[in-house]
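> Residues 5 to 202 (the working numbering) are what the sequence shown spells out, left to right.
Beta carbons: idealized from backbone N, C-alpha and C, even for Gly.
All values derive from a computational prediction rather than experimental measurement.
One structure follows; several queries about it will come next.
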Amino acid sequence: MNIEVKVADSSHSKYAQEICDEVFISSQERKTGIARRTPEYIISKMTAGKAVIAVTDEGEWAGFSYIESWGGKSFVANSGLIVAHKFRGMGLSRRIKEQTFLLSRKLFPDAKIFSITTGAAVMKLNYEFGFRPVPFTELTNDPEFWKGCEGCRHFDILKDHDYKMCICTGLLYDPKEHLEIHCPEDKLNEENKTQQNG
C-alpha cells in the first residue's frame with residue numbers, strides 16, 4: 005500500500021471530522037492529555053498550508069499533524085500528530101513528524117519549534133530531530149497557546165500550576181543550537197591551502 009505524506013490543502017477538508025474523531029478515541033484509550041480540536045480548526049490549518057496529512061493511494065486518511073506560530077512568530081508549535089489505528093506500526097508517525105518539522109523550518113526558519121506531549125513515541129521522534137526537554141517556562145508565554153489546552157482532560161493541573169507545569173513534557177528545538185559544525189579536517193585543509201597560496 006502506498007501512502008503519501010504531504011502538506012495538506014483545502015481538498016483535504018473532507019477528512020477533518022475523521023481526524024477529530026481519531027484524536028478523541030485515542031485520548032480515551034491512552035487516558036492521557038490530548039487537546040481536542042474542532043473540524044473547523046483542522047480545516048483552517050489545512051487551508052493555510054500549515055498542516056501535514058498522510059493519504060493512501062485509495063484516498064483513505066492515514067495520519068495528520070499541524071503547526072501554529074506564537075509569540076510574534078518567534079515560536080512554532082508542532083501539534084496534533086495522530087495516526088489512524090489501522091495504519092499504526094508502519095513508521096508513518098516518523099514520516100509525518102519529519103514533514104511537519106521541515107514545514108516549520110521552511111515557513112519559520114528563525115523560530116524555536118516546540119512540542120508538548122505525554123507520548124513516549126513522540127518524545128523519541130523529537131529527540132531524533134534535535135529537540136531537548138525543557139520546563140514550560142522556556143516555551144511560549146502566549147496565553148492563546150495555553151488556551152488550546154482547555155480541551156485536555158488535565159487542563160486543571162496546568163491551570164493550578166500557573167501554566168508552568170503539567171503531565172506533558174515540553175520539548176524544544178532551537179535553530180541557534182544547530183548551526184553547522186565544520187569538520188576539523190576541512191579547516192586544516194583550508195589553512196594549508198592558504199599557506200600554499202601565500
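1) How many Å lie between Ile100 and Ile46 at the Cα?
2) How long is the line joining the alpha carbons of Ala20 and Met50, rounded to whole angstroms?
3) Check this for me: beta carbons of Ala58 and Ile7, under 8 Å apart or not?
4) To which residues does DSSP link Asn82 through a beta bridge?
5) Can you give me the start and stop residues for the beta strand (DSSP E) that Tyr177 sits inside?
6) Under three-state DSSP, which class holds Pro188?
7) Hey, could you find the ends of the alpha helix (DSSP H) Glu132 is sitting in?
8) Pairing CB atoms from the segment 72-83 with CB atoms from the segment 137-147, are three or more of them under 8 Å?
9) Roughly how many whole angstroms lie between the Cα atoms of Leu111 and Asp178?
10) Can you name, in chain order, every residue of its own chain whose Cβ lies under 8 Å from the Cβ of Pro113, other than the five neighbours on each side?
11) Provide the residue span of the alpha helix (DSSP H) that contains Phe118, from first to last.
12) Please report how far the alpha carbon of Lys10 lies from the alpha carbon of Asp166, in whole angstroms.
13) In whole angstroms, give me the CA-to-CA distance for Lys171 and Glu102.
14) Cα separation between Ser15 and Glu22?
15) Can you tell me whether Arg41 is buried or exposed, with buried defined as 16 or more other CB within 10 angstroms of its CB?
16) Sorted by chain position, which residues of the same chain lie with C-beta nearer than 6 Å to Ser69's C-beta, five sequence neighbours on each side aside?
17) Taking only heavy atoms of the ligand FAD into account, decide whether any of them is closer than 7 Å to the Cβ of Ile23.
18) Out of Ala88, Ala52, Leu162, which has the shortest C-alpha to C-alpha gap to Phe28?
19) By the DSSP assignment, the alpha helix (DSSP H) with Lys110 in it spans what residues?
20) If we count the other Cβ atoms within 10 Å of its Cβ and call it buried at 16 or more, is Ser3 buried or exposed?
21) From Glu148 to Lys168, what does the alpha carbon distance come to, in whole angstroms?
Well, looking at it:
1) As a working note, residue 100 is residue 96 in the sequence shown. As a working note, residue 46 is residue 42 in the sequence shown. Computed Cα separation, rounded: 16 Å.
2) For this step, residue 20 is matched to residue 16 along the sequence shown. For this step, residue 50 is matched to residue 46 along the sequence shown. Answer to the nearest angstrom: the Cα atoms are 9 Å apart.
3) The sequence position of residue 58 within the sequence shown is 54, counting from 1. The sequence position of residue 7 within the sequence shown is 3, counting from 1. Yes, the Cβ-Cβ distance between Ala58 and Ile7 is below 8 Å.
4) Here residue 82 is taken as the residue at index 78 of the sequence shown, counted from 1. The partner list for Asn82 (beta bridge, DSSP) reads Ile71.
5) As a working note, residue 177 is residue 173 in the sequence shown. Its beta strand (DSSP E) spans residues 173-177.
6) For the purposes of this step, residue 188 is taken as residue 184 along the sequence shown, with counting starting at 1. Any reading at Pro188 is ruled out, since the residue's pLDDT is 49, under 50, leaving its predicted position unreliable.
7) What you label residue 132 is simply residue 128 of the sequence shown in a count that begins at 1. Where Glu132 is concerned, the enclosing alpha helix (DSSP H) stretches over 124-132.
8) yes
9) Working through the sequence shown from its first residue, we reach residue 111 at position 107. Working through the sequence shown from its first residue, we reach residue 178 at position 174. Distance between the alpha carbons of Leu111 and Asp178: 15 Å.
10) On the sequence shown, residue 113 is found 109 positions in, with the first residue counted as 1. Excluding residues within five positions, the ones whose Cβ falls inside 8 Å are Pro179.
11) One-based indexing of the sequence shown puts residue 118 at position 114. Phe118 -> not in any alpha helix (DSSP H); beta strand (DSSP E) instead, spanning 116-121.
12) Along the sequence shown, read from residue 1 onward, the residue named residue 10 stands at position 6. Along the sequence shown, read from residue 1 onward, the residue named residue 166 stands at position 162. So the two alpha carbons sit approximately 37 Å from each other.
13) In the sequence shown, counting from the first residue as 1, residue 171 sits at position 167. In the sequence shown, counting from the first residue as 1, residue 102 sits at position 98. Note that residue 171 is Ile in the sequence shown here, rather than Lys. Going by the C-alpha atoms only, they are around 25 Å apart.
14) Taking the sequence shown and counting its residues from 1, the one referred to as residue 15 is at position 11. Taking the sequence shown and counting its residues from 1, the one referred to as residue 22 is at position 18. Each residue's alpha carbon lies about 14 Å from the other.
15) Counted from its first residue, the sequence shown places residue 41 at position 37. It counts as buried.
16) Translated into the one-based positions of the sequence shown, residue 69 becomes position 65. Answer for Ser69: Val56, Gly84, Leu85, Ile100, Thr104, listed in chain order.
17) The ligand FAD is not among the ligands present in this structure, which contains no ligands whatsoever.
18) Taking the sequence shown and counting its residues from 1, one reaches residue 28 at position 24. For Phe28, the nearest C-alpha among the options comes from Ala88.
19) As a first step, residue 110 is located in the sequence shown; it is residue number 106 there, counting from the start. Its alpha helix (DSSP H) spans residues 96-111.
20) In this structure the chain extends from 5 to 202, so residue 3 is not present and cannot be described.
21) The sequence position of residue 148 within the sequence shown is 144, counting from 1. The sequence position of residue 168 within the sequence shown is 164, counting from 1. Near 15 Å, if we compare the C-alpha coordinates of Lys168 and Glu148.
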